[in-house]
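>
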Amino acid sequence: MSTANLTRTETRRRSRHIDNVTYRVELDLRGAVGDSATTFGTRTTITFDASTPATWLDFIGAEVKSVTLDGADVPVEYDGARIQLVGLGKSNTVVVDAVGRYSRTGEGLHRFVDPVDDEVYLYTQYEPADARRVFANFEQPDIKAPFTFQVQAPENWEVLSNRTGTTNGSTTTFEPTLPISTYITAIAAGPYHRAESVWQRSDLTVELGALCRKSLAEHFDPDDIFEITKQGLDFFHEKFDFPYPFGKYDQIFVPEYNLGAMENPGLVTFTESYVFRSAATEAQYEQRANTILHEMAHMWFGDLVTMEWWDDLWLKESFADFMGAFASAHATRFTDAWVSFANRRKAWAYLQDQLPTTHPIVADIPDLEAAKLNFDGITYAKGASVLKQLAAYVGEDAFFEASRRYFAEFAYGNTTLADLLTHASAASGRNLEDWSAAWLQTTGVSTLTYTGTGIEQTDPRPHRIAVGLYDADVDGTIVRTSRREIDLVDAFTPLELPSAALVLLNDDDLTYAKIRFDDRSLDTIRTSLGSVVDPLARGLIWSALWNATRDAQLDPRTYLDIASRFAASESKVGVLAAVVANAQYAIDHYLADSVAAADDWLATCWSQLETADPGSDAQIVWLRAVAAAASRSDVRSGQLDRVLDGTLPIEGIDLDPEQRWMLLKAVSARGNASPTRLDAELQTDGTASSRNSHRAATAAMPNADAKATAWADLFDSDELSNDAVDAAVWGFRAGGRRDLLEPYDERYFASIADLWSTRSIEIARRLVVGLFPQQDSTDAADAWLAAHEWAPAALRRLVVEQRDHLARALTVQRAF
Numbered sequence: 001m002s003t004a005n006l007t008r009t010e011t012r013r014r015s016r017h018i019d020n021v022t023y024r025v026e027l028d029l030r031g032a033v034g035d036s037a038t039t040f041g042t043r044t045t046i047t048f049d050a051s052t053p054a055t056w057l058d059f060i061g062a063e064v065k066s067v068t069l070d071g072a073d074v075p076v077e078y079d080g081a082r083i084q085l086v087g088l089g090k091s092n093t094v095v096v097d098a099v100g101r102y103s104r105t106g107e108g109l110h111r112f113v114d115p116v117d118d119e120v121y122l123y124t125q126y127e128p129a130d131a132r133r134v135f136a137n138f139e140q141p142d143i144k145a146p147f148t149f150q151v152q153a154p155e156n157w158e159v160l161s162n163r164t165g166t167t168n169g170s171t172t173t174f175e176p177t178l179p180i181s182t183y184i185t186a187i188a189a190g191p192y193h194r195a196e197s198v199w200q201r202s203d204l205t206v207e208l209g210a211l212c213r214k215s216l217a218e219h220f221d222p223d224d225i226f227e228i229t230k231q232g233l234d235f236f237h238e239k240f241d242f243p244y245p246f247g248k249y250d251q252i253f254v255p256e257y258n259l260g261a262m263e264n265p266g267l268v269t270f271t272e273s274y275v276f277r278s279a280a281t282e283a284q285y286e287q288r289a290n291t292i293l294h295e296m297a298h299m300w301f302g303d304l305v306t307m308e309w310w311d312d313l314w315l316k317e318s319f320a321d322f323m324g325a326f327a328s329a330h331a332t333r334f335t336d337a338w339v340s341f342a343n344r345r346k347a348w349a350y351l352q353d354q355l356p357t358t359h360p361i362v363a364d365i366p367d368l369e370a371a372k373l374n375f376d377g378i379t380y381a382k383g384a385s386v387l388k389q390l391a392a393y394v395g396e397d398a399f400f401e402a403s404r405r406y407f408a409e410f411a412y413g414n415t416t417l418a419d420l421l422t423h424a425s426a427a428s429g430r431n432l433e434d435w436s437a438a439w440l441q442t443t444g445v446s447t448l449t450y451t452g453t454g455i456e457q458t459d460p461r462p463h464r465i466a467v468g469l470y471d472a473d474v475d476g477t478i479v480r481t482s483r484r485e486i487d488l489v490d491a492f493t494p495l496e497l498p499s500a501a502l503v504l505l506n507d508d509d510l511t512y513a514k515i516r517f518d519d520r521s522l523d524t525i526r527t528s529l530g531s532v533v534d535p536l537a538r539g540l541i542w543s544a545l546w547n548a549t550r551d552a553q554l555d556p557r558t559y560l561d562i563a564s565r566f567a568a569s570e571s572k573v574g575v576l577a578a579v580v581a582n583a584q585y586a587i588d589h590y591l592a593d594s595v596a597a598a599d600d601w602l603a604t605c606w607s608q609l610e611t612a613d614p615g616s617d618a619q620i621v622w623l624r625a626v627a628a629a630a631s632r633s634d635v636r637s638g639q640l641d642r643v644l645d646g647t648l649p650i651e652g653i654d655l656d657p658e659q660r661w662m663l664l665k666a667v668s669a670r671g672n673a674s675p676t677r678l679d680a681e682l683q684t685d686g687t688a689s690s691r692n693s694h695r696a697a698t699a700a701m702p703n704a705d706a707k708a709t710a711w712a713d714l715f716d717s718d719e720l721s722n723d724a725v726d727a728a729v730w731g732f733r734a735g736g737r738r739d740l741l742e743p744y745d746e747r748y749f750a751s752i753a754d755l756w757s758t759r760s761i762e763i764a765r766r767l768v769v770g771l772f773p774q775q776d777s778t779d780a781a782d783a784w785l786a787a788h789e790w791a792p793a794a795l796r797r798l799v800v801e802q803r804d805h806l807a808r809a810l811t812v813q814r815a816f
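Just so we're aligned, residue 1 is where the sequence shown starts under this note's numbering, counting upward by one.
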């Protein structure tokens with residue numbers, strides 16, 4: 001195993017021997033401008049106490065030039081990932097002078113050149129363990145320390161870090177941080193556009209900043225970002241009773257970002273896809289608000305109090321996911337945020353939890369590669385769902401009281417699950433050992449079904465649920481007429497309910513479980529789903545229908561029929577977007593012969609686009625649906641060109657560049673766009689986003705040369721950035737032409753082991769997942785797994801998961 005893949009065992013041993021750590025990190029970024037910029041200077045001074053004569057520092061870079069220990073030069077023992085230190089005393093000062101590499105994969109110090117104006121932008125992304133790509137350190141979350149950063153950069157640049165800085169010429173020196181882990185330190189530098197505001201509460205004032213690239217400034221809306229930020233700070237200060245401890249609060253939106261956001265204290269980074277340069281729906285603003293609040297919750301859950309190792313990653317991510325929805329619903333204009341949570345986040349959890357690679361919320365994470373892949377639907381969405389169930393189980397007051405006690409005791413420290421449960425039990429008066437064992441230390445999802453005499457539960461767990469009874473009101477709408485809360489423990493809980501048109505288990509979405517409908521309820525849904533008044537109830541119904549489709553319990557054609565008839569009446573645009581995406585997925589994966597269904601669905605999308613209210617969010621969703629469906633069907637294909645050239649105007653839609661590329665990619669996937677046409681479109685908008693869309697549209701062309709070029713770009717070179725890789729993968733797969741893709745099936749399985757060993761885990765993961773062949777059996781994947789038992793566990797996990805998705809699709813196809 002590479003020494004870059006740190007293990008839990010060795011880092012625990014190291015933390016027992018290392019204490020009282022402080023860092024001073026000096027970075028020289030003055031050479032970042034210029035075509036040849038690939039490296040930067042990095043100098044780290046670390047003081048620490050040691051109870052061992054030898055240990056190591058983590059660093060992944062181009063070169064370690066020198067190492068000094070207590071002022072004396074020592075031999076450089078560096079293997080590309082670790083710097084060995086020997087001859088340590090009780091108190092030590094180590095200085096490492098090294099050369100780091102700029103990243104194009106979003107790991108470490110990422111360097112981006114804006115094609116609009118050739119300006120250079122830098123930012124860091126470290127989780128779980130990429131601070132070592134920028135400076136030498138003890139790369140593990142339980143060795144917290146104060147950090148002082150000094151950055152040399154071009155004088156016209158904005159230079160930022162976790163704390164406030166003072167600039168003298170080209171040098172910015174930042175105040176020392178409070179004790180934090182390496183993975184949440186941060187640097188950003190470049191000619192960023194900046195907006196400012198301030199938040200005040202009693203005797204606490206927090207300066208707020210919001211930043212993006214200069215070329216995106218015209219699309220930036222910092223006022224909305226500041227509004228959500230202030231509402232969140234108000235909410236968390238009241239609920240947590242612990243003042244925001246990290247000084248200023250900058251939020252920076254950066255290009256080619258691998259995540260939605262990252263909770264670096266004082267400098268939160270976000271994907272710049274949250275800067276809407278294309279028409280955006282209210283659901284997108286809601287998602288951005290949720291992400292802002294998710295990251296803000298991390299200031300307490302994760303930054304102030306941090307897990308000891310990645311086993312307890314859920315201690316921060318599940319809480320932040322839960323708090324993002326909770327705070328949205330209670331503190332912002334997005335009062336029905338739980339609808340989106342039920343329909344979008346929990347769908348991710350249900351999918352992940354049914355894979356062979358599912359794991360307990362409290363996972364076994366032996367090393368960093370495993371940690372990297374555990375940022376998944378279990379750690380985030382299932383954990384958040386279970387916390388919602390915990391809040392229902394112990395009561396919200398007790399839940400927040402436990403949080404307050406937790407922060408008060410463990411501020412600036414590291415914790416495990418036991419520490420949290422101690423406070424939750426004390427605040428609620430309940431022994432939570434059994435609850436923890438049932439929910440946090442098991443895998444799988446229960447399925448609840450009402451039989452007429454009671455509720456059957458597969459994979460039994462303790463649930464506190466609500467059961468809603470729905471009937472037609474005098475105006476024909478479907479409304480809740482009765483609600484009961486009950487506790488489920490066993491495989492069967494007796495329950496007799498009055499007759500109702502619709503019985504909705506897990507009403508209000510209190511627990512984490514799939515639900516099935518009795519025959520009468522399903523008949524009501526098939527005829528009257530659009531009449532259900534409550535948006536959360538509708539969201540739960542749509543979620544249950546999709547789960548039944550994935551489980552081969554509901555014919556995908558039935559799902560498509562319900563979607564075709566009732567999606568247009570869905571007023572919650574986030575739910576509408578999910579339904580439309582699921583319908584397209586069903587066509588692409590769950591129908592053995594999908595031609596007729598693809599044609600019918602595209603005709604539906606066109607019809608809904610043309611009848612949607614001009615300028616509405618629904619119109620935006622249906623335009624996107626037309627683009628997605630048109631890559632699989634030729635229905636009215638000529639009309640896409642007419643929309644693009646303006647001869648078929650659609651009232652309410654003035655195509656922006658991203659919408660034009662969205663339609664052009666579909667046109668290209670059907671073989672109706674020449675390279676000349678795509679090149680001409682790029683000339684009208686030379687942004688990075690358009691360049692990647694051009695790459696995707698070119699790879700989408702249904703001919704062998706286009707696929708061969710895309711494959712070579714992905715496998716024969718490592719020059720593509722993370723976003724460019726995504727674009728090429730999308731284009732390669734677009735249109736689902738098995739005749740063009742089948743020749744690459746064998747090459748895929750022959751290449752991925754070498755790929756994993758030669759590319760960063762981020763890029764390798766995108767390629768392994770994105771290019772997995774969609775075959776008519778799992779034989780090739782099974783053969784690869786049998787022949788590669790020696791392969792890294794993280795790689796095998798990805799193949800096992802993709803194989804399972806394929807097997808599920810084949811099962812649904814054969815069932816109907």
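Heads up, the beta-carbon is just placed ideally off N, CA and C, and yes, glycines get one too.
How about Thr-182 and Asn-162: are their beta carbons less than 8 Å apart?
Position 182 of the sequence shown, counting from 1, holds the residue named residue 182. Position 162 of the sequence shown, counting from 1, holds the residue named residue 162. No. Outside cutoff.
> Quick one: what does DSSP say Trp-199 is sitting in, helix, strand or coil?
By one-based count along the sequence shown, residue 199 stands at place 199. DSSP places Trp-199 in strand when its eight states are reduced to three.
> Report all residues from its chain with a CB closer than 6 Å to the CB of Asp-723; omit the five preceding and five following residues, and keep chain order.
Here residue 723 corresponds to residue number 723 of the sequence shown, with the count starting at 1. Same-chain partners within the cutoff: Glu-256, Asn-692.
> Compare the beta carbon distance of Arg-797 and Leu-373 with 8 Å and say whether it is the shorter of the two.
Counted from its first residue, the sequence shown places residue 797 at position 797. Counted from its first residue, the sequence shown places residue 373 at position 373. Result yes, Cβ atoms of Arg-797 and Leu-373 sit closer than 8 Å.
> Of the residues Leu-304, Asp-97, Asp-555, Gly-539, which one's Cα is nearest the Cα of Phe-816?
Position 816 of the sequence shown, counted from the first residue, corresponds to residue 816. For the residues Leu-304, Asp-97, Asp-555, Gly-539, the minimum Cα distance to Phe-816 belongs to Asp-555.
> Quick check: the Cα distance between Asp-617 and Gly-377, rounded to an integer number of angstroms?
For this step, residue 617 is matched to residue 617 along the sequence shown. For this step, residue 377 is matched to residue 377 along the sequence shown. Roughly 27 Å between the two C-alpha positions.
> For Ser-318, which residues from the same chain have a beta carbon less than 6 Å from its beta carbon, with the 5 sequence-adjacent residues on both sides left out?
Sequence index remark: in the sequence shown, residue 318 carries index 318 (1-based). So the list reads Gly-383, Ala-384, Leu-387, once near-sequence residues are dropped.
> From what residue to what residue does the alpha helix (DSSP H) around Gln-287 run?
As a working note, residue 287 is residue 287 in the sequence shown. Where Gln-287 is concerned, the enclosing alpha helix (DSSP H) stretches over 282-298.
> Taking the alpha carbon of Asp-203 as the point to measure from, which residue in Tyr-244, Ala-320, Thr-335 has its own alpha carbon closest?
Stepping through the sequence shown from its first residue, residue 203 is reached at position 203. For the residues Tyr-244, Ala-320, Thr-335, the minimum Cα distance to Asp-203 belongs to Tyr-244.
> To the nearest angstrom, how far is it from the Cα of Asp-117 to the Cα of Ala-688?
In the sequence shown, the residue the question calls residue 117 occupies position 117. In the sequence shown, the residue the question calls residue 688 occupies position 688. Spanning the two alpha carbons is a distance of roughly 11 Å.
> Does DSSP classify Gln-152 as helix, strand or coil?
Here residue 152 refers to the residue found at position 152 of the sequence shown. Looking at Gln-152 - three-state DSSP - the assignment turns out to be strand.
> Among Val-467, Ala-131, Tyr-393, whose alpha-carbon lies nearest the alpha-carbon of Ile-455?
The sequence position of residue 455 within the sequence shown is 455, counting from 1. The shortest C-alpha separation from Ile-455 is found at Val-467.
> If we require 4 or more residues per run, which alpha helix (DSSP H) segments fall completely within the region 709-785?
722-733, 738-741, 745-758, 761-770
> Would you check whether the ligand HEM has a heavy atom nearer than 7 Å to the C-beta of Gly-41?
Among the components of this structure there are no ligands whatsoever, and the ligand HEM is therefore not found.
> Please look up how many angstroms separate the CB atoms of Arg-632 and Ala-598, rounded, as I've assumed it's under 8 Å.
Position 632 of the sequence shown holds residue 632. Position 598 of the sequence shown holds residue 598. Going by Cβ atoms, the distance from Arg-632 to Ala-598 rounds to 5 Å, so yes, they are a contact pair.
> Less than 8 Å between the CB atoms is what I'm expecting for Leu-767 and Leu-714, so what's the real figure, rounded?
Residue numbering aside, residue 767 sits at position 767 when the sequence shown is read from its first letter. Residue numbering aside, residue 714 sits at position 714 when the sequence shown is read from its first letter. Contact holds; Cβ gap of about 6 Å.
> For the alpha helix (DSSP H) holding Gly-324, just list the boundary residues, first then last.
Residue mapping note: residue 324 aligns to position 324 of the sequence shown, counting from 1. Element bounds for Gly-324: 314-331.
> Which of the three DSSP states, helix, strand or coil, is assigned to Gln-584?
Counting from one through the sequence shown, the residue named residue 584 turns up at place 584. The answer is helix: DSSP assigns Gln-584 an H, G or I state.
> Could you name each continuous beta strand (DSSP E) segment of 3 residues or more that falls completely within the region 400-481, going from the start of the chain to the end?
447-450, 454-457, 463-472
> Near Leu-336, which residues of its chain fall below 6 Å by C-beta distance, leaving aside the five closest residues on each side in sequence?
Residue 336 sits at position 336 when you count from the first residue of the sequence shown. In the sequence as presented, Leu is not what sits at residue 336; that position holds Asp. Answer for Asp-336: Pro-535, listed in chain order.
> For the structure I just gave you, are there three or more beta carbon pairs, one from the region 119-134 and one from the region 71-80, closer than 8 Å?
Judged by pairs of C-beta atoms under 8 Å, the region 119-134 does not touch the region 71-80, as fewer than three such pairs exist.
> Check whether the region 200-216 and the region 271-288 are in contact - that is, three or more C-beta pairs closer than 8 Å.
yes
> Taking Cβ positions, are Ala-320 and Phe-301 nearer each other than 8 Å?
Position 320 of the sequence shown, counted from the first residue, corresponds to residue 320. Position 301 of the sequence shown, counted from the first residue, corresponds to residue 301. A contact, by the Cβ cut-off of 8 Å.
> Between the region 637-653 and the region 663-676, can you find at least three pairs of beta-carbon atoms closer than 8 Å?
yes
> Closer than 8 Å is the cut-off here; do at least three beta carbon pairs connect the region 50-69 with the region 136-149?
Per the Cβ contact rule, the region 50-69 is in contact with the region 136-149 (3 or more Cβ pairs under 8 Å).
> Over the uninterrupted alpha helix (DSSP H) stretch that includes Thr-124, give me the two end residues.
Counting from one through the sequence shown, the residue named residue 124 turns up at place 124. Not the alpha helix (DSSP H): Thr-124 falls in the beta strand (DSSP E), residues 120-125.
> In this structure, does DSSP put Trp-546 in helix, strand or coil?
Translated into positions along the sequence shown, residue 546 becomes position 546. Looking at Trp-546 - three-state DSSP - the assignment turns out to be helix.
> Between which residues of its own chain and Ser-564 is the CB-CB distance below 6 Å, once the five residues before and five after are set aside?
Within the sequence shown, the letter at position 564 stands for residue 564. Taking Ser-564 as the centre and dropping the five residues before and after it, the same chain places the C-beta of Thr-604 closer than 6 Å to its C-beta, in chain order.
> Does the distance from the C-beta atom of Ile-365 to that of Arg-8 stay below 8 Å?
Translated into the one-based positions of the sequence shown, residue 365 becomes position 365. Translated into the one-based positions of the sequence shown, residue 8 becomes position 8. In contact: Ile-365 and Arg-8 (Cβ atoms closer than 8 Å).
> At the level of alpha carbons, what is the spacing between Pro-675 and Ser-197?
Position 675 of the sequence shown, counting from 1, holds the residue named residue 675. Position 197 of the sequence shown, counting from 1, holds the residue named residue 197. Spanning the two alpha carbons is a distance of roughly 46 Å.
> Would you be able to state if there are at least three C-beta pairs under 8 Å between the region 141-155 and the region 411-420?
yes
> Checking 8 Å against the spacing of the C-beta atoms, do Tyr-102 and Ala-37 come in under that value?
Taking the first residue of the sequence shown as position 1, residue 102 is located at position 102. Taking the first residue of the sequence shown as position 1, residue 37 is located at position 37. Taking 8 Å as the Cβ cut-off, Tyr-102 and Ala-37 qualify as a contacting pair.
> Which residue spans inside the region 186-250 form an unbroken beta strand (DSSP E) run of at least 3?
187-190, 193-201, 204-212
> Quick one: give me the first and last residue of the alpha helix (DSSP H) that Lys-346 is part of.
Sequence index remark: in the sequence shown, residue 346 carries index 346 (1-based). Its alpha helix (DSSP H) spans residues 346-353.
> Identify every residue that forms a DSSP beta bridge with Tyr-274.
Taking the first residue of the sequence shown as 1, we reach residue 274 at position 274. Paired residue(s): none; Tyr-274 is not in a bridge.
> Helix, strand or coil, according to DSSP, for Val-867 in the structure here?
Outside the displayed range of the chain (1 to 816) lies residue 867, so it cannot be described from this structure.
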